[in-house]
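Engineer: Okay, handing you the structure first.
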Amino acid sequence: MTHTVIGMFDTADQAKSAAQQLASAGFSLDHVDVASRNDDTTDTNNVNRGRYRSNTNRNEESTSDSISDFFSNLFSDDDDNAHRYAHAARESGSLVTVHAHSAENAHQAAEILDRCGAVDVNERAEQSGYKGKATNANNANANANVTNQNTNDQVSAKVIEENLQVGKRVEQTGGARLRSRIIERPVEASVRLREEHVNVDRKPVDRPATEADFAAFKEGNIEVTESAERAVVGKEARVVEEVTLGKEVTEREETIHDTVRKTEVDVENLNKGTANDPRRQS
């Protein structure tokens, strides 16, 4: 459902400032129309959507008809509201129209127009001598009045409250990796080796032969062998260290600081002759 928010201003500067505030709040300028009675340059582009423009080249009767047609289309089943708004618009310098896509969006637009100085339609109509039916209380709660283009005689403001919800997610913050590789390095060791060598020693002898000499006087072989030690290399693998990866879990408490928003709706009784009784609903 499309919601239309109307803000009436005394000056064109106020209306343009309101349009800028709407744009800063995220409203598309395609959905915001600014019309000024005494300004030849206006931001309206589509008259068929109920927007009106007027300038010094048009006579007052033509302008009044366009204003009446605009509000008659907007309040198709409420002639009194249509006449009241048209009367107030003729007494105001500029008109800002916002086409909102939701009730929340419309309420936000109404608050922005109010802050920018939008006039109260009912007060402006009464001050300028409008005589009509009793003021509809549903349309008198804000200076910038919210209406629905799909015929609806009620306007509501949603009370929205934010709650802080804190959850948890797991993020990888670090870690360790074991990587093993084989490297070679030169080493050396000393060992003492023993070798045997055969020596032949001949010396001249001149003595008489004995019985032992005659017993050994025969053919035969006498051998003496040589030996030597050689270095033998062997390798033994030994475990000299163990590296283990493990995790230690610790817990900490963290306090989250943030802000939450809440809609507050002020209800003010505008019945003539009755003291104002502002009531805040939240």
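Residue numbers are given in the working numbering: position 168 of the sequence shown equals residue 209, and the series is strictly consecutive. Backbone N, C-alpha and C define an ideal beta-carbon position, used for all residues, glycine too.
Label residue 287 either buried or exposed according to how many other C-beta atoms from any shown protein chain fall within 10 Å of its C-beta, with 16 as the threshold for buried.
Structural biologist: As a first step, residue 287 must be located in the sequence shown, where it is residue number 246. Exposed: under 16 other Cβ atoms inside 10 Å.
Engineer: Are the beta-carbon atoms of residue 49 and residue 130 separated by less than 8 Å?
Structural biologist: The residue you call residue 49 lines up with position 8 of the sequence shown. The residue you call residue 130 lines up with position 89 of the sequence shown. Taking 8 Å as the Cβ cut-off, residue 49 and residue 130 qualify as a contacting pair.
Engineer: Is the segment 295-312 close to the segment 229-245, with three or more CB pairs under 8 Å?
Structural biologist: no
Engineer: Using the C-alpha atoms, what's the distance from residue 139 back to residue 54?
Structural biologist: Translated into the one-based positions of the sequence shown, residue 54 becomes position 13. Translated into the one-based positions of the sequence shown, residue 139 becomes position 98. One C-alpha to the other measures close to 17 Å.
Engineer: Residue 66: buried (16+ other C-beta within 10 angstroms of its C-beta) or exposed?
Structural biologist: Taking the sequence shown and counting its residues from 1, the one referred to as residue 66 is at position 25. Exposed is the call here.
Engineer: Indicate the three-state DSSP secondary structure (helix, strand or coil) for residue 164 in the structure shown.
Structural biologist: Here residue 164 is taken as the residue at index 123 of the sequence shown, counted from 1. Residue 164: helix per DSSP, three-state reduction.
Engineer: Could you compute how far the alpha carbon of residue 268 sits from the alpha carbon of residue 246?
Structural biologist: Position 227 of the sequence shown, counted from the first residue, corresponds to residue 268. Position 205 of the sequence shown, counted from the first residue, corresponds to residue 246. Those two C-alpha atoms are separated by around 31 Å.
Engineer: In angstroms with no decimal places, state the Cα-to-Cα distance between residue 88 and residue 198.
Structural biologist: As a first step, residue 88 is located in the sequence shown; it is residue number 47 there, counting from the start. As a first step, residue 198 is located in the sequence shown; it is residue number 157 there, counting from the start. Interpretation of residue 88 is limited by its pLDDT of 30, a score under 50 that renders its predicted location unreliable; the figure taken from the coordinates is listed afterwards. The straight-line gap from Cα to Cα measures roughly 29 Å.
Engineer: Just tell me which of 226, 209, 72 has its CA closest to the CA of residue 137.
Structural biologist: Taking the sequence shown and counting its residues from 1, the one referred to as residue 137 is at position 96. The shortest C-alpha separation from residue 137 is found at 72.
Engineer: Could you check the C-alpha separation between residue 283 and residue 292 for me, to the nearest Å?
Structural biologist: Along the sequence shown, one-based indexing puts residue 283 at 242. Along the sequence shown, one-based indexing puts residue 292 at 251. Each residue's Cα considered, the two are about 29 Å apart.
Engineer: Are residue 77 and residue 135 closer than 8 Å when you measure CB to CB?
Structural biologist: Locating residue 77 in the sequence shown gives position 36, counting from the first residue. Locating residue 135 in the sequence shown gives position 94, counting from the first residue. A contact, by the Cβ cut-off of 8 Å.
Engineer: Check residue 244 in the structure and name its three-state DSSP category.
Structural biologist: Along the sequence shown, one-based indexing puts residue 244 at 203. In the three-state reduction of the DSSP assignment, residue 244 falls in the coil class, being assigned neither a helical nor a strand state.
Engineer: Let me know the beta strand (DSSP E) ranges lying completely inside the segment 44-75, each 3 residues or longer, listed in chain order.
Structural biologist: 44-50
Engineer: Going by other Cβ atoms of all chains shown within 10 Å of its Cβ, with 16 needed for buried, is residue 248 buried or exposed?
Structural biologist: Along the sequence shown, one-based indexing puts residue 248 at 207. Classification for residue 248: exposed.
Engineer: Mapping the DSSP letters down to three states, classify residue 142 as helix, strand or coil.
Structural biologist: Your numbering for residue 142 matches position 101 in the sequence shown. Here residue 142 sits in coil by DSSP.
Engineer: Flag this pair as yes or no: are the beta carbons of residue 128 and residue 166 separated by less than 8 Å?
Structural biologist: Numbered from 1 along the sequence shown, position 87 holds the residue referred to as residue 128. Numbered from 1 along the sequence shown, position 125 holds the residue referred to as residue 166. For the 8 Å CB-CB criterion, residue 128 and residue 166 form a contact.
Engineer: Thinking just about the alpha-carbon of each residue, which of 227, 150, 221 is nearest to the one in residue 68?
Structural biologist: Position 27 of the sequence shown, counted from the start, is the residue given in the question as residue 68. Taking only the C-alpha atoms, the option nearest residue 68 is 150.
Engineer: Just to confirm the assignment, what range does the alpha helix (DSSP H) spanning residue 121 have?
Structural biologist: Indexing the sequence shown from 1 puts residue 121 at position 80. Unbroken alpha helix (DSSP H) run through residue 121: 120-131.
Engineer: Would a C-beta distance cut-off of 8 Å place residue 133 and residue 51 closer than the cut-off?
Structural biologist: For this step, residue 133 is matched to residue 92 along the sequence shown. For this step, residue 51 is matched to residue 10 along the sequence shown. Taking 8 Å as the Cβ cut-off, residue 133 and residue 51 qualify as a contacting pair.
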